[in-house]
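Student:
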Amino acid sequence: MAVVSSSMGTNNEYEYAAAGSAPSPSGGAADGNRKVTEIVDKVCKKTSNYKNCVDTLYSDPRTPDADRYTLAYVSFGLAYANAVQTRDRIADELLLHKNDSDSRHEILQNLRICERDYNKAVKFLESALNDLNSETFFTLPSYANHTARLADDCQAHYPTFTSALLNSICQICTLVIASLYSGGASP
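In this text, residue positions in the sequence shown follow the UniProt record's numbering: the first is 1, and each later residue adds one.
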């Protein structure tokens, strides 16, 4: 398991944030009336879905006050929570099919591929969080890209586990990291 600093919160916080049940910055439910910070606006304008990006980032209560560095923790933490949740769903599905004598060999084989992919994705994201802790940023884009490719590979083998959300979060991670490199310039 990755070493996660106390400034990042616990895995439960990330699960809470990933579930989308966190309050919006205004204190109410996420309703589109929030004031979007400049850094979130700049990052999300470069994504394929601005609203999804804003909603995803603001599912974490640290986002309204986040600088670029904290936003990197938020984005990689959300990716980590999503990957762990999906990995756990895959494990449950694999157990279900292993105990079902009618399950086809192909289904089990594809689920094992997904299990392998998401185990690797979780490890990449743990490494990314550890690198953030040590302020080592140059590897972070490759961790996000590898994670997205692994999610795509799983989806190609077992379409039930869609990679859209994880890919979207990985895109956000890459853009946030670009903003770290650019300093005060736009991401």
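From the three backbone atoms N, C-alpha and C, an ideal C-beta is built for every residue, glycine too. Keep in mind that this is a model prediction, so the values were computed, not measured.
1) Within the same chain, show all residues whose beta-carbon is closer than 7 angstroms to that of L125, passing over the 5 residues directly before and after it, in chain order.
2) Are the stretch 45 to 56 and the stretch 164 to 184 touching, with three or more C-beta to C-beta distances below 8 angstroms?
3) DSSP three-state label for T86, please.
4) Note down, in chain order, each residue of its chain lying with its Cβ closer than 7 angstroms to the Cβ of T70, except the 5 sequence neighbours on either side.
5) Can you tell me which of the three DSSP states Y80 falls into?
6) Based on Cα-Cα distance, which residue from L111, D65 and Y118 lies nearest to L94?
7) Quick one: what's got a C-beta closer than 7 angstroms to N119's C-beta in the same chain, skipping five residues either side?
8) Would you tell me roughly how many angstroms separate the C-alpha atoms of E135 and K123, rounded to the nearest one?
9) Can you list, in chain order, the stretches of the beta strand (DSSP E) that have 3 or more residues and sit fully within the stretch 80 to 159?
10) In terms of residues, what are the limits of the alpha helix (DSSP H) holding S163?
11) Quick check on the burial criterion: 16 or more other C-beta atoms within 10 angstroms. Buried or exposed for D67?
12) According to DSSP, is S75 part of a helix, a strand, or is it coil?
13) For A18, does the count of other Cβ atoms within 10 angstroms reach 16, so buried, or fall short, so exposed?
14) Step through the CB atoms of chain C and report whether any lies within less than 8 angstroms of the CB of N49.
Tutor: According to the structure shown:
1) F76, A79, Y80, A83, Y143 and T147
2) yes
3) helix
4) R62
5) helix
6) L111
7) R87
8) 18 angstroms
9) none
10) Note, S163: premise wrong, no alpha helix (DSSP H); not H, not E.
11) exposed
12) helix
13) Note that A18 has pLDDT 36, beneath the 50 cutoff, so the model's placement of it is unreliable and the number below is only indicative. So A18 counts as buried.
14) Chain labels in this structure do not include chain C; a single protein chain is all it has.
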